[in-house]
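Trainee: Dumping the structure here so I can ask a few things about it.
Number of protein chains: 2
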Amino acid sequence: MELAVTGGLLVTMDDSRGGLGIVEDGTVGIGGGEIVAVGSGGDVDVSDADRVIDGSGRAVLPGFVNAHMHTTHTLVRGGAQDVPEIEWMNGALGPITRAMTPEDEVVGSRLGVCEALLSGVTTFGEYTSHVGRLVEEVYRPLGARVAATETINEVGEEREDLGPHDPYPFDRGKGEADLERAHALFERYQSDQLVTPIYGPQALDMISPGLLEEIAEGATERDASIHMHVAQGERERLQIEARYGAGESTVSALADLGLLDDRLIAVHCHGATPDERARLAAAGVRYIGCPSSIAGIDGITPPVSEFLGHGTDVGIGTDQAPGPGGHAFLRELRTASLLAKTDLSDPTALPAWEALRVGTVGGARALGLEDEVGTIEVGKRADLALFDLDRLSVAPTVDRPLHTAIPNLLYAGGGNAVESVVVDGEFVVEDGSVVGVEERGLVAEATERAERVFAEAEGDWRAAGSSLVTASDGGWL
Amino acid sequence: MELAVTGGLLVTMDDSRGGLGIVEDGTVGIGGGEIVAVGSGGDVDVSDADRVIDGSGRAVLPGFVNAHMHTTHTLVRGGAQDVPEIEWMNGALGPITRAMTPEDEVVGSRLGVCEALLSGVTTFGEYTSHVGRLVEEVYRPLGARVAATETINEVGEEREDLGPHDPYPFDRGKGEADLERAHALFERYQSDQLVTPIYGPQALDMISPGLLEEIAEGATERDASIHMHVAQGERERLQIEARYGAGESTVSALADLGLLDDRLIAVHCHGATPDERARLAAAGVRYIGCPSSIAGIDGITPPVSEFLGHGTDVGIGTDQAPGPGGHAFLRELRTASLLAKTDLSDPTALPAWEALRVGTVGGARALGLEDEVGTIEVGKRADLALFDLDRLSVAPTVDRPLHTAIPNLLYAGGGNAVESVVVDGEFVVEDGSVVGVEERGLVAEATERAERVFAEAEGDWRAAGSSLVTASDGGWL
Chain A
39 MELAVTGGLL
49 VTMDDSRGGL
59 GIVEDGTVGI
69 GGGEIVAVGS
79 GGDVDVSDAD
89 RVIDGSGRAV
99 LPGFVNAHMH
109 TTHTLVRGGA
119 QDVPEIEWMN
129 GALGPITRAM
139 TPEDEVVGSR
149 LGVCEALLSG
159 VTTFGEYTSH
169 VGRLVEEVYR
179 PLGARVAATE
189 TINEVGEERE
199 DLGPHDPYPF
209 DRGKGEADLE
219 RAHALFERYQ
229 SDQLVTPIYG
239 PQALDMISPG
249 LLEEIAEGAT
259 ERDASIHMHV
269 AQGERERLQI
279 EARYGAGEST
289 VSALADLGLL
299 DDRLIAVHCH
309 GATPDERARL
319 AAAGVRYIGC
329 PSSIAGIDGI
339 TPPVSEFLGH
349 GTDVGIGTDQ
359 APGPGGHAFL
369 RELRTASLLA
379 KTDLSDPTAL
389 PAWEALRVGT
399 VGGARALGLE
409 DEVGTIEVGK
419 RADLALFDLD
429 RLSVAPTVDR
439 PLHTAIPNLL
449 YAGGGNAVES
459 VVVDGEFVVE
469 DGSVVGVEER
479 GLVAEATERA
489 ERVFAEAEGD
499 WRAAGSSLVT
509 ASDGGWL
Chain B
39 MELAVTGGLL
49 VTMDDSRGGL
59 GIVEDGTVGI
69 GGGEIVAVGS
79 GGDVDVSDAD
89 RVIDGSGRAV
99 LPGFVNAHMH
109 TTHTLVRGGA
119 QDVPEIEWMN
129 GALGPITRAM
139 TPEDEVVGSR
149 LGVCEALLSG
159 VTTFGEYTSH
169 VGRLVEEVYR
179 PLGARVAATE
189 TINEVGEERE
199 DLGPHDPYPF
209 DRGKGEADLE
219 RAHALFERYQ
229 SDQLVTPIYG
239 PQALDMISPG
249 LLEEIAEGAT
259 ERDASIHMHV
269 AQGERERLQI
279 EARYGAGEST
289 VSALADLGLL
299 DDRLIAVHCH
309 GATPDERARL
319 AAAGVRYIGC
329 PSSIAGIDGI
339 TPPVSEFLGH
349 GTDVGIGTDQ
359 APGPGGHAFL
369 RELRTASLLA
379 KTDLSDPTAL
389 PAWEALRVGT
399 VGGARALGLE
409 DEVGTIEVGK
419 RADLALFDLD
429 RLSVAPTVDR
439 PLHTAIPNLL
449 YAGGGNAVES
459 VVVDGEFVVE
469 DGSVVGVEER
479 GLVAEATERA
489 ERVFAEAEGD
499 WRAAGSSLVT
509 ASDGGWL
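Residue numbers (this note's numbering), protein chains in the order written: chain A, 39 to 515; chain B, 39 to 515.
In C-alpha cells, the structure reads:
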C-alpha cells in the first residue's frame, strides 16, 4: 500500500453500501494508482503503507468530474457576459478569442484546470480543437485525468457575414482534418491510464451528415463516445430548419441519422422540447448540463433535474469561464441545485446529496468512465478529494442525527474547503496548492497574455458593438 | 492621515464620477475613521500617512452591505434545506433551534459574522431577538458595523399545534417586552458610530395593529427604520386572511395601518403580487431580497430585479445559513444575478455592475445608512474591501477595453479573493484572516456546541418527521 487516508468521513457513492455510501472513521488504501482497500476504523490494516494521511475532520469524496469544459477560454474571463444571447458569441466572445494564439490557449487552459483542481475536480471533460496539445502541455504535466474531446466541425471562419437563416457553408476538408486529429488521439493514448479520447462533432448545424457517419463508424470501431452540443438555442434551430427542412429539429435529425444511442453524450439540450428530451433519454443518450453557463448566456436553467427524472446518466460542467464565471465545482453544483429549485418551484429539487452524486458518479457515467472513477471502491482508480470540514465556511459539522457535511459542502463550502486532491494515487493538490505550479507566475503570464489579446481584439470588439462596449464607455465596466 | 491605500483599482460607486465611479491607479486616504481623500496617481499626497498599503493588483470596493441576516442560525448550518417549504420551519429548523442556548446563539453569530467579514462584508443587517447581546459580544469585539434590528413579535412558543387557518394567539406582554428592548437600543447606541438600531416587527401575522402603532410612533420619534418580513409565503397569507378578513393581504393591511412609507424596509415580498410590489415601491418602501435563502426554502426567485426596475432602494442579504448555505457575499450576489437571468429569461438581467452596486450602495440605502457608507467618497466612513485580483479564481484581469475585474469578481471571485477589510478605518480582516480571531478555536467551540444542540434536538427532530429524517435514515445524509 503506497498511501492510506485514515479517520475521514468517506462519502463513497458506492451504491452497494446504501445511500451515498457514507463510511464514518473511514480508511482508503491506495496502491499502484488504484483503490485497494476501503473500510471503517480498524478494518483496514495500514501498517505497510508508505504514507498515511490523517483524514480526521475531513470529508473524503471521489474526485469531482467536471464533465464539459472549454478551458482555453479562461484566458478571456470577463470578456463575455450580461449580453443578449445572440450577441454573446458574435459580438462579445468571438472578436476576443480570435486574437488568441495557440500558446494563449494553453496558458488559459492551465489557469482553468488549476482553478478546477483547487475545487476538487480530478476528471476533466475537455472539449476543444487540437485537444492533444492541451493533453500534452496542460493535463499530463498537472497529472489530471482528462476525457479529451476533439472538436470536429466543417464551418469556416467567415460565417459572421451570413444571416441567421442562411446555412453555414461547409468545408469538408476542414472537417476531415479535424476527424483525423480525433482518430490520432486514439492511437496515441490507447494505453494511457489518464487520457480517454472522445469524438466531438461540435453541433448538428456545424457538420454534414456524411462526416457524422464517418465519426459514428470511428466511434463504433473504437468503442468510443460521441460528445456533442445538442439543441443549444435559436441560432442552431434556424440552421437545422434551413438545412434539414421546416419542422425538423436537432433531435429529429439526429434520430434520422441513427445517432441516438448510448454512445452519444448530449450537452445543453435546453432548445429541445420535453418530448424530445424524453426521446433522448429513452434512447440511452447521456446528458451533461452547464447551469451557470446557460443561465448566464441564455437566461435558461438547463434540464438537469428533468434528465435525472428520466433515469439518464447526468453530469455537470462549468463550460467556459466567460459564460459567466469560472471552474469552481462546488459552486457549480450549488448553482445547479438552486436553479433547479426555482425552475421547478420546488425546494426539494436537486437536493445536496443528489447534486454531489451528479458531480461524481453521475459525471463519470456521463463520460463513460464509471468503471474507472466516480466512486470510492476497491478496484477503481484512486481519484479523491479531501475537504477540510473545519474551515469557517463549512463549519460546524455534526454526524448525528444527520451528516451536515453533505449540505454544508454543497451549499456553503466553496472552493477553499479543498485541502488535497489525488489523481491515480498521486497528489495533484496538497495543502490547498496545485502541486508543481507557482500560482503567481502562472497568473502573471496569463495576465500579460490577456492584456495583449484584449488589446489586439479591441478594434474588432468595438466594431461588433455588443452592449458591453456601451457599458464600458459609460464607466460601468 | 492614518492610512492610505495607493495604486488600486477603485470602484467607488460614486455617481458623480459616472458609471461605477471607477478610478484607476487610485488612492484612498483615511483619517479619524473617515475617508479624507480619493484620487488618482499623484493627486493625493500620502506622505503624512501613518501607514501606506500598496493596492496595486487589488480592487478596492466599498465594504459590502449584507442587508438581512440571522447570524445565530449559523450554528445549525446544514440542519434545514431541501425540504418542502411548509416543513422548513416546523419540521426542520424549529426543532433544532429550540435546543440552542443564548451562548450557542452568540457562538453561531460569531461564526457567521466572521464568514461574512472574510467575504468583504463590513455592514451587517442583523435581525434577531435580544440583538443587543450580539452587538456587545460579537459585533463590537470584531469591529463590524451593524444595523441592529430587534425582533418584535407577540407569538408564544406553542403555535405548532395550531392549524394553518387558526390565527396565532397573541401575547401582548411579550410584544411589549420586545419593544422595550428595541427602545433601549436607541438609548444605548445613540452616539455609537458603528451601531444603528432598527425596529423589527417580525411579520404582520405575528404582531397586532396596536403594537405596530406603538412601533411606528417610536420610529417616527427616533427617526428610525422599521425592518419587516413582508409577504413571505403561504403560511403568512392564510394568517392574514384569518385575522384581517378574506381578500386582505399583508400589503393591503399594512397600507390600512399607515405603514407604507420610506421608513419601512420590506424583506422578501415574494408572496406579494406585482401590483402590490409596485404599490410598495410607489410608497418609497425600501426592499431587501435574499436569493439563496428564498430559492432554497421556497423554490422562488425574489423580486430583486423587479424592485430595481421600480427605482426602489434594493439590498441583498444572505438571511440564515440553513436556508441554504452561508454568508459568502460575492457568491450571494452571483446567485442573485443568475437567478434574475433565469427568472426573467434574460441574460442581461442584473449584470455584474448592477449586482455590485446593489451589494454596496444599494444595501446602504436599503438600511438607511447611505450618508455613512456604501460608496468611497470623502466624508463617508472608511469601510473598504480589498480584493486580490491575482488570485487564480479571478485572474486574469485587464483594464482595456473593459475592466474585467468587475465581472470576474462577481461571477468568478468567491470569498477567497478578499485580502483585507477595513471598517471605520480599522482593519477587521488582514491577509485573509479575521483580526483577533483564532479561527480553529472558534470552529472547535462551534462544533462542540452544534454537536450538543443536534443531540438534544434529535428526539423532537425525529418526531417532527421532515423528509430529512428519511434521507438521513436512508444514508443520504
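Beta carbons are placed, not taken as given, at the ideal position from N, Cα and C, and that holds for glycine. Being a predicted model, the structure only gives us computed values, none of them experimental.
Using a Cβ cut-off of 7 angstroms, pull out every chain A residue sitting near B:C152, in sequence order please.
Mentor: By Cβ distance, chain A contributes L430.
Trainee: Rounded to the nearest angstrom, how far is the Cβ of A:E164 from that of A:M107, given a contact under 8 angstroms?
Mentor: Rounded, the Cβ-Cβ distance is 6 angstroms, consistent with contact.
Trainee: Where do the ends of the beta strand (DSSP E) carrying B:R183 lie?
Mentor: B:R183 -> beta strand (DSSP E) spans 183–190.
Trainee: If distances are taken between C-alpha atoms only, which option among B:L48, B:I68, B:D52 comes closest to B:V61?
Mentor: Measuring from the Cα of B:V61, the nearest candidate turns out to be B:L48.
Trainee: Answer with yes or no whether the minimum CB distance from A:Q119 to chain B is below 9 angstroms.
Mentor: Yes - at least one Cβ of chain B is within 9 angstroms of the one on A:Q119.
Trainee: Are any of the Cβ atoms in chain B nearer than 9 angstroms to that of A:A488?
Mentor: Yes - at least one Cβ of chain B is within 9 angstroms of the one on A:A488.
Trainee: If you drop the 5 nearest sequence neighbours on each side, which residues of the same chain put their C-beta closer than 6 angstroms to that of A:S383?
Mentor: Excluding positions up to five away in sequence, the list is empty.
Trainee: Mind checking B:S287: buried by the 16 CB within 10 Å criterion, or exposed?
Mentor: Buried is the call here.
Trainee: Which residues of chain A have a Cβ atom closer than 8 angstroms to the Cβ of B:G285, listed in chain order?
Mentor: Within chain A, no residue comes near B:G285; the closest Cβ sits about 24 angstroms away, beyond 8 angstroms.
Trainee: Count the other C-beta atoms from every protein chain shown that fall within 10 angstroms of the C-beta of A:E259, then say buried if there are 16 or more, exposed otherwise.
Mentor: With fewer than 16 Cβ atoms within 10 Å of its Cβ, A:E259 is classed as exposed.
Trainee: Could you please tell me which residues of the region 317–330 of chain B, in chain order, have their CB closer than 7 angstroms to any CB of chain A?
Mentor: Residues passing the 7 angstroms Cβ filter: S330.
Trainee: Helix, strand or coil for B:L422, going by three-state DSSP, please let me know.
Mentor: Strand.
Trainee: What are the residues in the region 410–442 of chain A lying within 9 angstroms of chain B by C-beta distance?
Mentor: Within the region 410–442 of chain A, the qualifying residues are L427, D428, R429, L430, S431, V432, A433, P434, T435, V436, D437, R438, P439, L440, H441, T442.
Trainee: Quick check: is the beta carbon of A:G563 nearer than 9 angstroms to any beta carbon in chain B?
Mentor: In the structure displayed, chain A extends from 39 to 515; residue 563 of chain A sits before or after that span and is not available.
Trainee: Threshold first: 3 residues or longer. Then list the beta strand (DSSP E) segments lying entirely within the region 345–381 of chain A, N to C.
Mentor: Whole beta strand (DSSP E) segments, 3+ residues: 352–354.
Trainee: Taking B:D204 as the reference, which of B:R273, B:P247, B:V432 has the closest Cα?
Mentor: Closest option to B:D204, Cα to Cα, is B:R273.
Trainee: So is A:L200 buried or exposed if we call it buried at 16+ other beta carbons inside 10 Å?
Mentor: Result: exposed.
Trainee: At the level of alpha carbons, what is the spacing between A:G93 and B:G397?
Mentor: Distance between the alpha carbons of A:G93 and B:G397 is about 38 angstroms.
Trainee: Give the residues of chain A in contact with B:I338, contact being defined as C-beta atoms less than 8 angstroms apart.
Mentor: Simply T380, S383.
Trainee: Between which residues of its own chain and A:A105 is the CB-CB distance below 7 angstroms, once the five residues before and five after are set aside?
Mentor: Answer for A:A105: G163, I326, G353, I354, G355, G401, A404, L405, listed in chain order.
Trainee: Is B:L156 near B:V467, with beta carbons less than 9 angstroms apart?
Mentor: For B:L156 and B:V467, yes; Cβs fall inside 9 angstroms.
Trainee: State the Cα-Cα distance for the pair B:A316 and B:R324, rounded to the nearest angstrom.
Mentor: Cα to Cα, B:A316 sits roughly 12 angstroms from B:R324.
Trainee: Within the 9 angstroms Cβ cut-off, does B:Y177 reach chain A?
Mentor: By this cut-off, B:Y177 is not an interface position.
Trainee: Taking only beta-carbon positions, decide if A:N128 is within less than 9 angstroms of chain B.
Mentor: Output row for A:N128: interface = no.
Trainee: What do you get for A:R478, buried or exposed, if any count of 16 or more other CB atoms within 10 angstroms of its CB means buried?
Mentor: The residue is exposed, with fewer than 16 neighbouring Cβ atoms inside 10 Å.
Trainee: Which residue marks the beginning of the alpha helix (DSSP H) containing A:D336, and which one marks its end?
Mentor: Counting along the chain, the alpha helix (DSSP H) containing A:D336 begins and ends at 329–336.
Trainee: When DSSP builds the beta bridges, which residues end up paired with B:I278?
Mentor: Beta-bridge pairing links B:I278 to no other residue.
Trainee: Of the choices B:A257, B:A182, B:D421, whose alpha-carbon is the least far from that of B:V31?
Mentor: Nothing about residue 31 of chain B can be read from this structure; chain B reaches only from 39 to 515.
Trainee: Can you tell which of A:Q240, A:L346, A:P340, A:R219 has its C-alpha closest to the C-alpha of A:R171?
Mentor: For the residues A:Q240, A:L346, A:P340, A:R219, the minimum Cα distance to A:R171 belongs to A:R219.
Trainee: B:D299 to B:G322, Cα distance in whole Å?
Mentor: Each residue's alpha carbon lies about 5 angstroms from the other.
Trainee: Can you check whether the CB of A:F102 is closer than 9 angstroms to the CB of A:G59?
Mentor: Contact: no.
Trainee: Answer yes or no: the CB of A:D52 versus the heavy atoms of the ligand ADP, is any distance below 8 angstroms?
Mentor: No copy of the ligand ADP appears in this structure; indeed no ligand is present at all.
Trainee: Is the number of C-beta pairs between the region 82–98 of chain B and the region 145–155 of chain B that are closer than 8 angstroms three or more?
Mentor: Cβ pair count under 8 angstroms is below three, so no.
Trainee: Is the separation between the beta-carbon of A:A423 and that of A:L99 shorter than 9 angstroms?
Mentor: The answer is yes: Cβ separation under 9 angstroms.
Trainee: What would DSSP say about B:S157, mapped onto helix, strand or coil?
Mentor: If DSSP states are grouped into helix, strand and coil, B:S157 belongs with coil.
Trainee: With a threshold of 9 angstroms between beta carbons, is B:V507 in contact with chain A?
Mentor: So, interface residue.
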